[in-house]
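Counting from 1, position 39 in the sequence shown corresponds to residue 42 in this note's numbering; the numbering is continuous, with no gaps. Built from N, CA and C at the ideal position, the CB exists for glycine as well. Given the structure is predicted, the values throughout are model-derived calculations rather than measurements. Everything below concerns the one structure shown next.
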Amino acid sequence: MKIAALNIYPLKSARGIALTESQCGLSGLAGDRIAVITDPKGQFITQRELPALARLSAQLRDDGLVLDMDGEAPIAATPQGADRFNVTVWKDTVNAAGAAETVNEKLSEWLGQPVRLAFFDQHAARIASTEWVETETPVSFADGFQILVTTTGSLAALNADLSSHGAETVGMERFRPNIVLDCEEPWAEDGWSGIEIVGIRLDFVKPCARCIMTTQDQTTGSRDGANPIPAMGRLRMSADRRVPGPLFGWNAVPRGEGLLSVGDTVEITGMRDENWPLKKRR
């Protein structure tokens, strides 16, 4: 089994960037979800509330990001360390660096509502949920954990179900993974306690419950096209109340540092006593 794809999302909920290699650290892949759009009060905003974020691109540069939207003139955004504010991501509050007001104004114009840009800089701090991870581990603006892992075999199985019901298939981009594995066996990841890549152990701590974002085209934000939720409902409904809803992919916590590359060999570090429980197929 090998790495089939690597992706980062520098601006949370904006377009992703496919990589051939990436540094992996304790907080995840370098440059992943280091910035977030918020409302004026600091509440984080995603494609769930604002599908137009799928039209926004963010490229990394040494001092921040370059942002553009649908052919608009790009703008440079850098953290303003003296302009800090509290950002709420789910139940967490992060003291983050703001951006220049001119950047906020341009983003508000592009997105059609008042917004602010926040950066997870060197002074920001957040830890992944200790309900699922015994030790404190650093995480940026990701929903909850450092790395999301999916497999090609599971996507193939999902698409086979969609096709069998006369529905349009979907690409892996709908699930916004960081690491895609070329495992042919569908849902094999449900039985793994973790994996190891070039000496870096990644513990699988929690399956990923999926939301309306999987129904959105990740270039346009449109919800009028292919919809994987019915297939996930048939195949992947969680029977454990701790993580309700349809599941696809696993949240992983890295336990080391190093360079990951597409094509790297992946080893399974252990197996679970029982796979995650799923509701019986209707």
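Sequence-distant residues of the same chain with beta carbon closer than 6 Å to residue i, five excluded per side
| i | result |
| --- | --- |
| V208 | W135, V136, N254 and V256 |
| V39 | K15, F47, A121 and F144 |
| E187 | G156 |
| R226 | T218 and Q219 |
| A21 | N10 |
| R18 | S60 |
| M274 | G194 |
| Q62 | V69 |
Candidates the options: closest to residue i by CA position
| i | options | result |
| --- | --- | --- |
| A85 | I78, W93, A99 and K94 | A99 |
| D276 | E260, S166, I232 and D193 | D193 |
| H126 | Q83, W113, P231 and R226 | Q83 |
| D65 | W113, L205 and G34 | G34 |
| D146 | D73, L70 and T91 | T91 |
| L9 | S167, G252 and V265 | V265 |
| R204 | A229, T272, A170 and R245 | T272 |
| M4 | I182, G101 and G19 | I182 |
| A163 | D227, E75, M235 and G252 | M235 |
| L68 | E139, G101 and G115 | G101 |
| D95 | M72, Q62 and G45 | G45 |
| T138 | A159, D206 and P231 | D206 |
| P231 | I198, G169 and L70 | G169 |
| N89 | Q221, G174 and T41 | T41 |
| M72 | A159, S111 and R245 | S111 |
Sequence-distant residues of its chain with Cβ nearer than 8 Å to residue i (five each side left out)
| i | result |
| --- | --- |
| S241 | P210, A212, P247, G248, P249, L250, W279, P280, L281 and K282 |
| P43 | P117, V118 and R119 |
| V142 | S30, G31, R129, I130, A131, F148 and Q149 |
| D243 | W279 and P280 |
| Q26 | L32, A33, E260, G261, L262 and L263 |
| S166 | T172 |
| T222 | R18, A57 and R58 |
| A7 | T155, V183, L184, D185 and V265 |
Start-to-end residues for the alpha helix (DSSP H) that takes in residue i
| i | result |
| --- | --- |
| S166 | T155 to S167 |
| T106 | A small fix is needed here, since residue 106 is Val in this sequence, not Thr. Unbroken alpha helix (DSSP H) run through V106: E104 to L114. |
Beta carbon of residue i nearer than 8 Å to that of residue j
| i | j | result |
| --- | --- | --- |
| P189 | L151 | no |
| V97 | I78 | no |
| L238 | R284 | yes |
| L59 | T49 | no |
| D267 | I200 | yes |
| L263 | E24 | yes |
| I37 | P13 | yes |
| V269 | L161 | no |
| E171 | A229 | yes |
| G28 | T153 | no |
Assigned secondary structure, residue i (DSSP; H/G/I helix, E/B strand, else coil)
| i | result |
| --- | --- |
| G236 | helix |
| F122 | strand |
| E192 | helix |
| M4 | coil |
| R51 | coil |
| A33 | coil |
| R87 | strand |
| R284 | coil |
| R64 | strand |
N- and C-terminal bounds of the beta strand (DSSP E) containing residue i
| i | result |
| --- | --- |
| C211 | I203 to A212 |
| W93 | Counting along the chain, W93 falls outside any beta strand (DSSP E), and DSSP gives it neither H nor E. |
| W135 | Unbroken run through W135: none, as it is neither H nor E. |
| N181 | Careful: N181 lies outside any beta strand (DSSP E) and carries neither H nor E. |
| W253 | L250 to P257 |
| C27 | E24 to G28 |
| V69 | G67 to M72 |
| G266 | Taken as a continuous stretch (DSSP letters only), G266 belongs to no beta strand (DSSP E), as it is neither H nor E. |
7 Å CB neighbourhood of residue i in its chain, flanking five on each side removed
| i | result |
| --- | --- |
| G202 | G259 and G261 |
| I215 | R51 |
| E75 | W113 |
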